[in-house]
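Asks: Can you keep this structure in mind? I'll have questions shortly.
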Amino acid sequence: MMRSRLWVMGLAASMSGGLGCGDEDRAPAGSESSGAQTGVESLQPEEPAQLISYECRQDPARKSTPPGAVASEAQSFRETGRTVGAAVAAWRLAEDEQYGPTIAAQFNQLTAENEMKWESIEPEPGVFDFTAADALVTFAQQNGMKVRGHTLVWHSQLPTWVDELTGADAVRAALTNHIQTVVAHYRDNFPGVVVAWDVVNEALNVQQGPMGGTAIFRDSVFYRELGEGFIAEAFQIASATDPDALLFYNDFGVEGVNGAKSTGTFDMVSGLVAAGVPIHGMGFQMHTGPLDQGPGAADFAANIARYAGLGLQVEITEMDVSLCAIGGNVLGQELQRYRYNRILTACLESPACRSVTLWGVGDANSWLNDNGCTQGMITLETQPAPLAFGDTYARKPAWWGIYDALTGCEYQ
Ligand code: XIL
0 MMRSRLWVMG
10 LAASMSGGLG
20 CGDEDRAPAG
30 SESSGAQTGV
40 ESLQPEEPAQ
50 LISYECRQDP
60 ARKSTPPGAV
70 ASEAQSFRET
80 GRTVGAAVAA
90 WRLAEDEQYG
100 PTIAAQFNQL
110 TAENEMKWES
120 IEPEPGVFDF
130 TAADALVTFA
140 QQNGMKVRGH
150 TLVWHSQLPT
160 WVDELTGADA
170 VRAALTNHIQ
180 TVVAHYRDNF
190 PGVVVAWDVV
200 NEALNVQQGP
210 MGGTAIFRDS
220 VFYRELGEGF
230 IAEAFQIASA
240 TDPDALLFYN
250 DFGVEGVNGA
260 KSTGTFDMVS
270 GLVAAGVPIH
280 GMGFQMHTGP
290 LDQGPGAADF
300 AANIARYAGL
310 GLQVEITEMD
320 VSLCAIGGNV
330 LGQELQRYRY
340 NRILTACLES
350 PACRSVTLWG
360 VGDANSWLND
370 NGCTQGMITL
380 ETQPAPLAFG
390 DTYARKPAWW
400 GIYDALTGCE
410 YQ
């Protein structure tokens with residue numbers, strides 16, 4: 000919660016001026032011509048006014064960064080020296096002229112949003128198509144960025160032929176060939192660029208019963224035919240193929256300490272470590288909302304410590320903060336900024352935290368737009384608007400919350 004020490008600057012004046020949903024991202028009158036520019040400069044005329052500043056917990060004398068004061072400086076996430084990533088779509092690099100320059104200026108790591116998934120990379124048995132994924136990795140290489148490989152084994156976005164395999168031998172053969180071929184391709188063609196792999200994604204689920212939830216292995220062709228051992232096998236194959244890559248288990252709904260899925264996941268990962276399986280890290284997706292829950296920042300920090308205690312690295316792998324529940328008004332924008340700041344700080348303060356990744360760049364591109372803010376029969380006018388940049392790549396209040404976290408200012 001934004002409970003204390005907010006420094007309100009001109010809030011009343013701004014509100015009486017009619018600042019509402021989305022207005023933060025609009026360019027001031029007369030600045031339209033700046034839209035043709037690319038890169039950091041193009042962001043400057045559209046800086047949002049800062050309505051509220053926060054004291055930094057570590058150093059109360061330092062306040063959160065006021066956008067107006069730094070509007071002439073080409074600040075970026077990557078200049079903070081942290082490893083900061085974004086999910087990137089290859090086709091959009093070609094079609095949106097502001098997209099690539101914004102990514103190259105701001106981020107030093109990327110994740111392929113879809114291009115490395117099984118259906119994209121091996122659509123037919125033994126037929127590999129690296130075109131789109133290679134375009135992303137080439138872009139990363141050219142811009143001095145690293146890549147998280149996402150993802151080798153997942154129940155979703157699988158081609159039909161994999162789903163229809165029967166028998167342990169057939170599934171094991173497909174799994175082995177897929178992991179070996181994909182990991183070896185990046186090991187050999189882009190040495191040192193794809194530094195980490197989400198080897199297994201979302202293997203667990205929660206089954207609700209009268210006594211509450213129970214963690215179970217999610218139904219998939221891999222689990223059906225190979226049992227839970229498919230997870231250890233996948234890590235072993237990936238490690239044997241590229242011993243230098245960092246190998247992660249990645250999931251959602253496991254960011255806090257409590258709950259059936261969190262407990263089941265921690266137990267599963269602990270078992271892998273105890274068995275000597277080559278796993279190096281735990282990826283927390285962190286698709287979340289603007290309130291300090293699901294999990295709260297302190298809860299997330301405690302969970303990170305528990306995984307660090309296993310000797311693992313951790314990452315935030317897919318963070319976004321949906322505004323569906325609260326709206327894109329001033330309060331929503333500020334809560335979003337606060338939430339990004341607190342959650343990212345929880346990760347960055349741990350020596351085990353390797354990197355943080357946002358699941359997209361501009362709000363207009365977010366995967367959450369596919370469903371909008373539909374809840375049951377009701378479709379809200381609100382947009383998820385979950386990312387750091389607005390529709391025209393203007394930096395949102397969320398950007399400053401992230402930037403402050405990256406530079407060691409956790410909001411009180
Ligand atoms: C999403 C992509 O963002 C969408 O474009 C696609 O249609 C579906 O997948 N967890 C994951 C990601 O691990 O791969 C998902 O990405 C989002 C949830």
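Here numbering that gives the first Met the number 0 is used: the first residue of the sequence shown is 0, the next is one more, and so on. Backbone N, C-alpha and C define an ideal beta-carbon position, used for all residues, glycine too.
Tell me whether Ile230 sits in a helix, a strand or coil according to DSSP, three-state version.
Replies: Reading the sequence shown from its first residue, position 231 is the one you call residue 230. Of the three classes helix, strand and coil, the one that applies to Ile230 here is helix, per DSSP.
Asks: Taking the alpha helix (DSSP H) that Lys395 falls in, what are its first and last residues?
Replies: Start at 1 with the first residue of the sequence shown, and residue 395 comes out as number 396. Taken as a continuous stretch (DSSP letters only), Lys395 belongs to no alpha helix (DSSP H), as it is neither H nor E.
Asks: Write down the C-beta distance between Leu157 and Trp196 rounded to the nearest angstrom, noting that I regard them as a contact closer than 8 angstroms.
Replies: Stepping through the sequence shown from its first residue, residue 157 is reached at position 158. Stepping through the sequence shown from its first residue, residue 196 is reached at position 197. Not a contact, Cβ separation roughly 17 angstroms.
Asks: Relative to the alpha-carbon of Tyr410, which residue among Asn364, Gly295, Val360 and Tyr337 has its alpha-carbon at the smallest distance?
Replies: Position 411 of the sequence shown, counting from 1, holds the residue named residue 410. Of the candidates Asn364, Gly295, Val360 and Tyr337, the one whose C-alpha sits nearest the C-alpha of Tyr410 is Tyr337.
Asks: Hey, could you find the ends of the alpha helix (DSSP H) Trp196 is sitting in?
Replies: In the sequence shown, counting from the first residue as 1, residue 196 sits at position 197. Run containing Trp196: none in the alpha helix (DSSP H); it sits in the beta strand (DSSP E), Val193 to Asn200.
Asks: Have a look at the DSSP bridge pairing and note the partners of Phe283.
Replies: For this step, residue 283 is matched to residue 284 along the sequence shown. Answer is Asp250 and Ile315, bridged to Phe283.
Asks: With a threshold of 8 angstroms on Cβ separation, who are the neighbours of Ala167 within its own chain once the five nearest residues in sequence on each side are excluded?
Replies: Along the sequence shown, one-based indexing puts residue 167 at 168. Non-local C-beta neighbours of Ala167 in its own chain, meaning closer than 8 angstroms and more than five positions away in sequence, comprise Glu224 and Leu225, ordered along the chain.
Asks: Closest to Thr79 by C-alpha separation, out of Phe106, Ala86 and Arg61, would be which residue?
Replies: One-based indexing of the sequence shown puts residue 79 at position 80. Of Phe106, Ala86 and Arg61, the residue nearest in Cα terms is Phe106.
Asks: Would you check whether ligand 1 has a heavy atom nearer than 7 angstroms to the C-beta of Gln413?
Replies: With the chain running from 0 to 411 in the structure shown, residue 413 is simply not present.
Asks: The beta strand (DSSP E) that contains Gly211, what's its start and end?
Replies: As a position in the sequence shown, residue 211 is number 212, starting the count at 1. Gly211 -> beta strand (DSSP E) spans Gly211 to Phe216.
Asks: Look at the Cβ atom of Leu322, then the Cβ atom of Gly280, and state whether they are nearer than 8 angstroms.
Replies: Taking the first residue of the sequence shown as position 1, residue 322 is located at position 323. Taking the first residue of the sequence shown as position 1, residue 280 is located at position 281. For Leu322 and Gly280, no; Cβs fall outside 8 angstroms.
Asks: Tell me the DSSP secondary structure of His412 in three-state form.
Replies: With the chain covering only 0 through 411, there is no way to say anything about residue 412.
Asks: If I measure Cβ to Cβ from Arg171 and keep anything under 6 angstroms in the same chain, skipping five residues before and after, which residues do I get?
Replies: Counting from one through the sequence shown, the residue named residue 171 turns up at place 172. Once the five neighbours on either side are set aside, Arg171 has no close Cβ partner at all.
Asks: By Cβ distance, which residues of its chain are closer than 7 angstroms to Gly308, with the 5 residues on each side in sequence left out?
Replies: Numbered from 1 along the sequence shown, position 309 holds the residue referred to as residue 308. For Gly308, where only same-chain residues beyond five positions count, there are no Cβ hits under 7 angstroms.
Asks: With a threshold of 16 other CB atoms inside 10 Å of the CB of Ile377, please say whether the residue is buried or exposed.
Replies: The sequence position of residue 377 within the sequence shown is 378, counting from 1. That one is exposed.
Asks: Return yes when the Cβ of Val199 is within less than 8 angstroms of the Cβ of Lys260, no when it is not.
Replies: Position 261 of the sequence shown, counted from the start, is the residue given in the question as residue 260. Position 200 of the sequence shown, counted from the start, is the residue given in the question as residue 199. Cβ distance not < 8 angstroms, so Lys260 and Val199 don't count as in contact.
Asks: As a quick exercise: from Leu246, Asn188 and Gly263, pick the residue whose alpha carbon is nearest that of Thr213.
Replies: Counting from one through the sequence shown, the residue named residue 213 turns up at place 214. If we check each option's Cα against that of Thr213, Gly263 comes out closest.
Asks: Does the Cβ of His149 lie closer than 7 angstroms to at least one heavy atom of ligand 1?
Replies: Position 150 of the sequence shown, counted from the first residue, corresponds to residue 149. Indeed, a heavy atom of ligand 1 lies less than 7 angstroms from the Cβ.
Asks: Is the Cβ of Asn257 closer than 8 angstroms to any Cβ of chain B?
Replies: Within the model displayed, chain B is absent; a lone protein chain is all it includes.
Asks: Just mark Trp90 as buried or exposed, buried being the case when its beta carbon has 16 or more other beta carbons within 10 Å.
Replies: Against the sequence shown, residue 90 aligns to sequence position 91. The residue is exposed, with fewer than 16 neighbouring Cβ atoms inside 10 Å.
Asks: Report, in whole angstroms, the separation of the C-beta atoms of Glu317 and Thr287, which I expect to be a contact under 8 angstroms.
Replies: Against the sequence shown, residue 317 aligns to sequence position 318. Against the sequence shown, residue 287 aligns to sequence position 288. With a Cβ gap of about 10 angstroms, Glu317 and Thr287 do not count as contacting.
Asks: Relative to the C-alpha of Leu481, which candidate in Glu112, Glu380, Asn176 and Ser349 has its C-alpha closest?
Replies: Nothing about residue 481 can be read from this structure; the chain reaches only from 0 to 411.
Asks: Opposite Tyr410 in the DSSP bridges: which residues?
Replies: Numbered from 1 along the sequence shown, position 411 holds the residue referred to as residue 410. Bridge partners of Tyr410: Cys55.
Asks: Whose C-beta lies closer than 8 angstroms to the C-beta of Val313 among residues of the same chain, with five residues either side of it excluded?
Replies: Here residue 313 refers to the residue found at position 314 when the sequence shown is read from its first residue. Here the set comprises Gly280, Met281, Gly282, Phe283, Ile303, Tyr306, Ala307, Cys346, Ser349, Ala351, Cys352 and Arg353.
Asks: Where DSSP assigns a beta bridge to Ile377, which residues make up the other side?
Replies: The sequence position of residue 377 within the sequence shown is 378, counting from 1. Answer is Gln374, bridged to Ile377.
Asks: Using DSSP bridges, identify the partner residues of Thr82.
Replies: Along the sequence shown, read from residue 1 onward, the residue named residue 82 stands at position 83. According to DSSP, which records beta bridges pairwise, Thr82 is partnered with nothing at all.
Asks: Closest to Leu334 by C-alpha separation, out of Ile401, Gly361, Val161 and Glu118, would be which residue?
Replies: Here residue 334 refers to the residue found at position 335 when the sequence shown is read from its first residue. Checked all of Ile401, Gly361, Val161 and Glu118; the closest Cα to Leu334 is Ile401.
Asks: Would you give the residue range spanned by the beta strand (DSSP E) that Asn204 belongs to?
Replies: Residue numbering aside, residue 204 sits at position 205 when the sequence shown is read from its first letter. It spans Leu203 to Gly208 - the beta strand (DSSP E) in which Asn204 sits, taken as one unbroken run.
Asks: Please find out if some non-hydrogen atom of ligand 2 comes closer than 7 angstroms to the beta-carbon of Ala233.
Replies: Ligands in the displayed structure: ligand 1; ligand 2 is not one of them.
Asks: For Thr82, count neighbouring C-beta atoms within 10 Å of its own C-beta (all shown protein chains included) and say buried if the count is 16 or more, exposed if not.
Replies: Here residue 82 corresponds to residue number 83 of the sequence shown, with the count starting at 1. With 16 or more Cβ atoms within 10 Å of its Cβ, Thr82 is classed as buried.
Asks: By a C-beta neighbour count over all protein chains shown, 10 Å radius and 16 as the cutoff for buried, is Leu135 buried or exposed?
Replies: Mapped onto the sequence shown, residue 135 falls at position 136. Buried, since its Cβ has 16 or more Cβ neighbours within 10 Å.
Asks: Are there 16 or more other CB atoms within 10 angstroms of the CB of Pro289, so buried, or fewer, so exposed?
Replies: Walking along the sequence shown from the start, residue 289 turns up at place 290. Under this definition Pro289 is a buried residue.
Asks: Residues bridged to Lys260 by DSSP?
Replies: As a working mapping, residue 260 is identified with position 261 in the sequence shown. None; Lys260 has no bridge partner.
Asks: Sorted by chain position, which residues of the same chain lie with C-beta nearer than 7 angstroms to Phe299's C-beta, five sequence neighbours on each side aside?
Replies: Counted from its first residue, the sequence shown places residue 299 at position 300. Hits under 7 angstroms: Glu254, Gly255, Ile342 and Ala345.
Asks: Report the rounded CA-to-CA distance for Trp160 versus Ala273, giving the unit in angstroms.
Replies: Translated into positions along the sequence shown, residue 160 becomes position 161. Translated into positions along the sequence shown, residue 273 becomes position 274. Distance between the alpha carbons of Trp160 and Ala273 is about 34 angstroms.
Asks: Alpha helix (DSSP H) containing Ser354: first to last residue?
Replies: Here residue 354 is taken as the residue at index 355 of the sequence shown, counted from 1. Careful: Ser354 lies outside any alpha helix (DSSP H), inside the beta strand (DSSP E) at Cys352 to Leu357.
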